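Each remark here refers to the structure printed beneath this line.
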Amino acid sequence: MEFRFKLLRQFAPGSQLIVFYRNSIFDSNNNSGLKFFKNLDNLFDQPQQHTLSVRFVYFIDYNRIKNIFS
């Protein structure tokens with residue numbers, strides 16, 4: 011089972027802030043004979059894996075800043 015959330019914010023031309031969150035539960039066993047609700051309870055007893063990713067992309071216009079460095 012997996013839950014995903016993505017937030018994308020564009021704050022200037024060509025510039026973005028991206029936040030991505032994922033929560034996943036996974037179980038691999040041989041309990042195929044269990045009834046549905048018992049299997050579901052067994053799944054939620056497994057450890058969860060949380061992932062958070064933040065990406066910041068900023069466009070720097072060379073033509074606007076070239077005079078600063080010369």
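Here the sequence shown is numbered in the working numbering, starting from 11 and rising by one per residue.
No residue lacks a Cβ here, since even glycine has one placed at the ideal position from N, Cα and C.
None of these values were measured; they are calculated from a predicted model.
Considering only residues of the same chain and omitting the five flanking positions on each side of Gln20, which have a CB-CB separation below 6 Å? Annotation for Gln20: Gln26 place their beta carbon closer than 6 Å to its own, counting only its chain and skipping 5 residues before and after.
Would you tell me roughly how many angstroms separate the C-alpha atoms of Pro23 and Thr61, rounded to the nearest one? 28 Å
Counting only the same chain and skipping the five closest in sequence on each side, list residues whose C-beta sits under 6 Å from that of Ser34. Glu12 and Gln59
Taking the alpha-carbon positions, what's the Leu53 to Phe69 distance? 44 Å
So what's Leu50 in DSSP terms, helix, strand or just coil? helix
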